[in-house]
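Read the structure below first, then the notes.
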Amino acid sequence: MLSLNDPLLLKTQLFINGEWVDGGSGSSFPIVDPATGLQICEMTSGNKNDVNFAVHCAQNAMQKWRQTTAKNRAEILKHWYALVMENIDDLALILSAEQGKPIAEAKGEIQYGAAYIEWFAEEAKRVYGDIIPSNNANQRLLTIKQPIGVVAAITPWNFPNAMITRKVAPALAAGCAVVVKPAEATPLSALALAELARRAGLPKGLFSIVVGVDAIEIGKALTDHSLVRKLSFTGSTKVGKLLIKQCADSVKKTSMELGGNAPFIVFEDADIDKAVQGAMASKFRNAGQTCVCANRFLVHSSIYQEFTDKFVEQAKKLKVGNGAKENVTVGPLINASAVQNVHSLVLDAQKNGAIKVMGGEATELGENFYLPTILTHVTPAMRIFNEEIFGPVAPIVAFDTEEQALELANATEAGLASYLYTQNYARIWRFSENLENGIVGVNEGIISSEVAPFGGIKESGNGREGSKYGIDDYVEIKYVCMGGI
Ligand code: SIN
Numbered sequence: 314m315l316s317l318n319d320p321l322l323l324k325t326q327l328f329i330n331g332e333w334v335d336g337g338s339g340s341s342f343p344i345v346d347p348a349t350g351l352q353i354c355e356m357t358s359g360n361k362n363d364v365n366f367a368v369h370c371a372q373n374a375m376q377k378w379r380q381t382t383a384k385n386r387a388e389i390l391k392h393w394y395a396l397v398m399e400n401i402d403d404l405a406l407i408l409s410a411e412q413g414k415p416i417a418e419a420k421g422e423i424q425y426g427a428a429y430i431e432w433f434a435e436e437a438k439r440v441y442g443d444i445i446p447s448n449n450a451n452q453r454l455l456t457i458k459q460p461i462g463v464v465a466a467i468t469p470w471n472f473p474n475a476m477i478t479r480k481v482a483p484a485l486a487a488g489c490a491v492v493v494k495p496a497e498a499t500p501l502s503a504l505a506l507a508e509l510a511r512r513a514g515l516p517k518g519l520f521s522i523v524v525g526v527d528a529i530e531i532g533k534a535l536t537d538h539s540l541v542r543k544l545s546f547t548g549s550t551k552v553g554k555l556l557i558k559q560c561a562d563s564v565k566k567t568s569m570e571l572g573g574n575a576p577f578i579v580f581e582d583a584d585i586d587k588a589v590q591g592a593m594a595s596k597f598r599n600a601g602q603t604c605v606c607a608n609r610f611l612v613h614s615s616i617y618q619e620f621t622d623k624f625v626e627q628a629k630k631l632k633v634g635n636g637a638k639e640n641v642t643v644g645p646l647i648n649a650s651a652v653q654n655v656h657s658l659v660l661d662a663q664k665n666g667a668i669k670v671m672g673g674e675a676t677e678l679g680e681n682f683y684l685p686t687i688l689t690h691v692t693p694a695m696r697i698f699n700e701e702i703f704g705p706v707a708p709i710v711a712f713d714t715e716e717q718a719l720e721l722a723n724a725t726e727a728g729l730a731s732y733l734y735t736q737n738y739a740r741i742w743r744f745s746e747n748l749e750n751g752i753v754g755v756n757e758g759i760i761s762s763e764v765a766p767f768g769g770i771k772e773s774g775n776g777r778e779g780s781k782y783g784i785d786d787y788v789e790i791k792y793v794c795m796g797g798i
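What follows is the structure, given as structure tokens:
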């Protein structure tokens with residue numbers, strides 16, 4: 314049992330129209346701590362009827378909410394932000410227990426998630442329209458931005474808090490209502506956020522949560538519903554493509570934060586210690602389970618050995634274990650099948666000539682753990698170069714020329730994040746412009762922030778979250794032409 318300061322933050326029911334209710338399926342399922350395999354609690358399971366009711370309530374609630382002033386919406390969001398920060402210890406415990414990340418990292422996620430609420434509370438007041446210089450003396454032309462309508466959000470297990478706030482906060486700020494389907498492995502952080510939003514005074518029906526074991530049924534009910542006007546999804550490219558197809562029938566607007574395959578390029582003139590520091594942060598954050606994690610290390614052959622030796626030296630200092638324990642820096646992966654998938658990539662690479670410098674083995678910690686692993690002599694022919702690893706494995710590839718580095722970096726359908734270490738300013742410009750990614754980290758391994766636009770190009774998706782652009786995904790631009798003037 315989790316020892317929370319406020320045990321009422323641990324919820325095991327759906328949150329619909331401001332009420333805690335049992336799911337319509339009549340069944341329940343266990344929420345399990347991936348570090349111990351022990352059950353945290355039993356969660357009621359929702360179904361499509363719960364979705365339909367939540368959407369209907371959202372549509373009703375939104376009619377009033379969209380008429381409130383931005384200042385009013387901002388005040389409620391700020392109150393929600395304050396309550397999240399007040400309860401950071403409990404929220405981090407819940408998050409670490411259901412997801413596995415170390416407590417310190419879980420606290421970092423709560424702060425990161427809360428920052429989106431604070432940011433969009435401020436941005437609510439800046440949803441400006443335009444006056445357009447008219448091409449007709451008798452007309453005046455203007456645009457206004459209006460809430461898009463009921464939003465559906467489908468969120469992943471790797472950031473059970475922040476991926477919710479970065480969708481729900483801009484939607485509420487814009488005047489929309491939201492129905493969230495969190496990942497069934499990690500619904501508790503979402504439900505705790507809903508409880509705090511309720512306490513902050515958010516009116517009923519604006520933020521509902523439907524959890525269920527049948528993710529396909531719930532997802533389909535959301536995408537099929539004609540009142541849902543927008544879907545925001547973070548998750549795999551495969552599921553994202555399916556959801557886009559499902560949304561096509563009712564022409565919903567979509568925002569898709571899908572998989573990545575981030576190149577981490579280290580040039581011969583890089584500060585190697587800084588590059589190693591960035592590599593550690595980017596690769597091993599959340600045990601390698603983020604879509605912006607460095608996925609392929611492209612290192613100039615003249616510094617390949619030095620970079621590898623220093624990287625291995627630092628990676629050996631990582632402490633793998635139960636995230637609830639002190640000093641642990643790498644927690645478990647989400648489940649055993651994630652471990653098997655990561656291991657199959659490592660085995661394929663080894664079979665095709667990669668050399669394992671560290672890790673790559675089972676551990677007595679349990680079937681959900683994977684040791685930090687570094688592979689050298691990796692080539693583009695290997696699966697690990699082409700697939701998203703989503704685990705603590707760093708494959709290193711050598712290159713000789715700038716052209717080769719760019720070609721290797723862009724040789725993927727994914728286009729989310731990329732990283733670049735060099736002191737050469739002309740090269741920084743060239744690469745920032747030519748890398749096919751939505752995000753470029755230059756001499757920096759951690760690039761996520763509420764003030765900056767997060768999102769990808771190519772098959773990594775569309776739309777941007779956070780920043781002054783993040784609210785655009787939740788509004789429609791209406792053009793008004795005033796004649797007879
Ligand atoms: C993600 O992995 O989906 C999000 C990572 C981040 O926000 O940095």
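Residue numbers (this note's numbering): 314 to 798.
Where a beta carbon is used, it is the ideal one built from N, C-alpha and C, also for glycine.
Bear in mind the structure is a predicted one, so any value in this text is a computation, not a measurement.
For the pair residue 798 and residue 758, the Cα-to-Cα distance works out to about 56 Å.
Per DSSP, reduced to three states, the secondary structure at residue 775 is strand. Nearest to residue 645 by alpha-carbon distance, out of 599, 787, 656, 666, is 599. For the options 702, 632, 704, 735, the alpha carbon positioned closest to that of residue 718 is the one of 735. When rounded, the separation of the alpha-carbon atoms in residue 408 and residue 417 is 11 Å. DSSP, read as helix, strand or coil, puts residue 379 in coil.
Counting C-beta atoms within 10 angstroms of its own C-beta, residue 795 has fewer than 16 neighbours from the protein chains shown and is therefore classed as exposed. The C-beta distance from residue 738 to residue 578 rounds to 15 Å, too long to fall under 8 Å, and the pair is not in contact. Taking each of 594, 433, 348, 751 in turn and checking the Cα distance to residue 393, the smallest one comes out for 433. Between the ligand SIN and residue 478, a heavy atom-to-CB distance of less than 8 Å is absent.
In the DSSP assignment, residue 460 is bridged to 788. Where residue 514 is concerned, there is no enclosing alpha helix (DSSP H), because DSSP gives it neither an H nor an E.
By the Cβ criterion, the region 652-664 is in contact with the region 688-697, since at least three pairs of Cβ atoms, one from each stretch, lie closer than 8 Å. Proximity of the region 667-686 to the region 623-640 meets the contact definition, three or more beta-carbon pairs being nearer than 8 Å.
Secondary structure of residue 661 (DSSP, three-state): helix. Look at residue 434: its beta carbon is at least 8 Å from all of the heavy atoms in the ligand SIN. Contact check for residue 528 against residue 361 fails: the beta carbons are separated by 9 Å or more. Taking residue 378 as the centre and dropping the five residues before and after it, the same chain places the C-beta of 488, 490, 516, 519 closer than 7 Å to its C-beta, in chain order. In this model, residue 363 and residue 704 are separated by some 34 Å (Cα to Cα). Taken from the Cβ of residue 686, every heavy atom of the ligand SIN lies 8 Å or farther away. Scanning 456, 458, 500 for the CA closest to the CA of residue 468 turns up 500. Annotation: the continuous alpha helix (DSSP H) that includes residue 722 extends over 715-723.
Assignment of residue 593 by DSSP, reduced to helix, strand and coil, places it in the helix class. Judged by the Cβ position, residue 750 fails to qualify as a neighbour of the ligand SIN at the 8 Å threshold, every heavy atom of the ligand being at least this far.
Closest by C-alpha distance to residue 356, out of 483, 570, 496, 707, is 496. In the displayed model, residue 645 falls within coil according to three-state DSSP, outside both helix and strand.
Rounded to whole angstroms, the separation of the alpha carbons of residue 650 and residue 465 is 28 Å.
Proximity to residue 419 across 430, 404, 445, 428 peaks at 404, based on C-alpha coordinates.
With a threshold of 8 Å, the Cβ atom of residue 642 does not count as near the ligand SIN, since no heavy atom of the ligand is closer than that.
By a beta-carbon distance limit of 8 Å, residue 477 does not contact residue 492. Their separation comes to about 12 Å. Between residue 690 and residue 722, the C-beta gap is not smaller than 9 Å, which leaves the two residues out of contact. Residue 581 carries a coil assignment under DSSP once its states are collapsed to helix, strand and coil. If you draw a straight line from the Cα of residue 323 to the Cα of residue 473, it is about 14 Å long.
Minimum Cα-Cα distance from residue 741 among the listed residues 777, 611, 583 corresponds to 583. Annotation: residue 332 is outside any alpha helix (DSSP H); the continuous beta strand (DSSP E) that includes it extends over 332-334. Pairwise C-beta distances place the region 339-359 out of contact with the region 427-444, as fewer than three of them are shorter than 8 Å.
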